[in-house]
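Heads up: the structure comes next, in structure tokens.
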Amino acid sequence: MAASSGRRSSLSRSTSSDSEGVLSRVSSAVSHSPIVYRGKRAASDAAYVANRLLKSTGRAAWIAGTTFLVLIVPLIIEMDREQQLNELEMQQASLLGTPQVK
1410 MAASSGRRSS LSRSTSSDSE GVLSRVSSAV SHSPIVYRGK RAASDAAYVA NRLLKSTGRA
1470 AWIAGTTFLV LIVPLIIEMD REQQLNELEM QQASLLGTPQ VK
């Protein structure tokens, strides 16, 4: 009886080591496959392109933002001042009774 239980344990050990060997071989074969290599290469290339696109988009946004602040904002402020001055002149003209110039 002791001998048969020893055989069973040795059989179960060899079966598990065989299955680990098969799994290891299949995993190794799949990971070294040309398809997997091309997929990894494509993912790497896509990540590189996305990174470069984000950097260049960020630079373009920075240039556009600073250009807007330097050129457009002062123009908007000056136009607002001119409009307020025109409104003030029209209000004074209506109070003084002079004809409005359009």
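For the sequence shown, my numbering begins at 1410 and goes up steadily by one.
Just so you know, even glycine gets a beta-carbon here, dropped at the ideal spot from N, CA and C.
In the three-state reduction of the DSSP assignment, residue 1467 falls in the helix class, which pools H, G and I. Residue 1474 sits in a helix when the DSSP states are folded into three classes. Taken through DSSP and simplified to helix, strand or coil, residue 1506 comes out as coil. The three-state secondary structure of residue 1440, taken from DSSP, is helix.
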